[in-house]
Amino acid sequence: MSSRVSIFASPTSWIESGAVDQCHQVAALPGMRHVAGMPDLHPGKGAPIGAAMTSSVLYPFLVGSDIGCGIAVFPIRLKRPVPEKLAARFPDLDVVDHSFLDAADVPGGYTESLGTVGRGNHFAELARVGTVFDSDHAERLGLAAGDLVLIVHSGSRGLGERILRAHTEVHGAGPAQDPAAYLAAHDDAVRWGSLNRRIMAARIADALGADHEPPIVDECHNSVEIRDGLYLHRKGAANGDRRDVLVAGTRGTPSFLVAGHAGEEASFSVAHGAGRKMSRADALRRGRAKHTVEELRRTPLGSLVVCGDRQLLFEEAPTAYKRIEQVIGDLESFGLATRVVSTVPMVTYKTADVARERKGRR
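The following block contains the structure:
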């Protein structure tokens, strides 16, 4: 007998039937008690993304390879920020800068790729605070309209992949045979992901001539925790139990910092972003028919996109994602979260634009 499946999305939300099917497939796993699908729910490789899954059995594949992936928000203070000038000063976050590793206490001693952003939907973004919805909460966080923030979305890079591979090569999609050993490695990867985001923020602040500041929000959305004696797996879902979470939009839309107050019915979780509505292949095919590369380097908001990988530009186009306003509206209508502030992109970094850097040095 399968466990309960709850989908926290309104009838007008874009939820693929394949994602719901995956929720029911997961619900049929031995030991599974509850699957909660968030409004950004979409199909993943073998398991849904945008879901929180509670079980008496620990399944590493439900967390995936990017253990500890999350989003952190850092205050940053710049005088007269001009997006064009700032975009040109972003560091190459595909390359490790060893000068930032000297004082770091690196979990597991794994320094490979530390301080780099990776590919896919990962990004680093300079944004400004747009609308303030809850002035008291925003003030407690030290935020006001017009303030600048750095948003960093990345995870444990090759470390998490190595941890999952060590399990799947022996057990495939089966349960962890030694949950304590997996959890110890998992916890290292979660700490590593958080450190990774902090180092990237420090690298960007340094390149832009700003002071390094600690994050005001840092929540991972690929993890597992023990709660009430059960394993709560989150795949593309953030801890929404009285936590502040940055729910990412796209590079061409606002994001929303929300106050989470999700309860047991939602597995104490909230959405982590807009969620894909197109596969990467579809986004690439449709995007090439509609847009030029140059069109995708500047968004309708007037913000700039730093991305030297043309394929990635199309795969991660704003049109490949659901409407973030719909996702946030669903979170609020189901009582899982409330808006605190919106953030509006100014410069979104995906990967270094090497060709432009060379041109600029001539």
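Residue 222 in the working numbering is what sits at position 239 of the sequence shown, and the numbering runs on without skipping anything. For each residue, glycine too, the CB sits at the ideal point set by N, CA and C. Keep in mind the model is a prediction, meaning the values are calculated, not measured.
Between residue 54 and residue 229, the gap from beta carbon to beta carbon is short of 8 angstroms. Across the set 71, 56 and 41, the C-alpha of 71 shows the shortest separation from the C-alpha of residue 289. As the crow flies, the alpha-carbon of residue -4 is around 7 angstroms from that of residue 309.
If you compare the alpha carbons of 162, 303 and 298 with that of residue 44, the shortest gap goes to 162.
Taking a contact as a CB-CB distance under 8 angstroms, the pair residue 113 and residue 326 counts as one, their CB atoms being some 6 angstroms apart. In the three-state reduction of the DSSP assignment, residue 40 falls in the coil class, being assigned neither a helical nor a strand state.
Between residue 50 and residue 218, the C-beta gap is not smaller than 8 angstroms, which leaves the two residues out of contact. Residue 170 and residue 77 have their C-alpha atoms roughly 24 angstroms apart.
In the three-state reduction of the DSSP assignment, residue -7 falls in the coil class. Beta-carbon to beta-carbon, residue 333 and residue 106 are separated by about 6 angstroms, close enough to satisfy the 8 angstroms threshold. The three-state secondary structure of residue 58, taken from DSSP, is strand. Considered as a whole, the segment 123 to 170 harbours 140 to 154 as its complete alpha helix (DSSP H) runs of no fewer than 4 residues, in chain order. Within 10 angstroms of the beta-carbon of residue 233 lie 16 or more other beta-carbons, which makes it buried. Counting the other CB atoms within 10 Å of its CB gives residue 227 a total of 16 or more, which places it among the buried residues. Within the same chain, Cβ atoms closer than 7 angstroms to the Cβ of residue 208 are found at 215, the five residues on either side in sequence being excluded. If you look at residue 270, you'll find it in the alpha helix (DSSP H) that goes 263 to 273. The alpha-carbon separation between residue 104 and residue 250 amounts to approximately 24 angstroms. Here residue 138 is buried, its C-beta having at least 16 other C-beta atoms within 10 Å. Apart from sequence neighbours up to five positions away, the residues of its chain that approach residue -14 with a beta-carbon distance below 6 angstroms are 10, 15, 16 and 17, ordered along the chain. In this chain, the beta strand (DSSP E) harbouring residue 324 covers 320 to 334. Secondary structure note for residue 29: it is in no alpha helix (DSSP H), with a DSSP letter that is neither H nor E.
Between the alpha carbons of residue 41 and residue 206 lies a gap of roughly 11 angstroms.
Look at residue 199 here: in three-state DSSP terms it is coil, with no helix or strand label.
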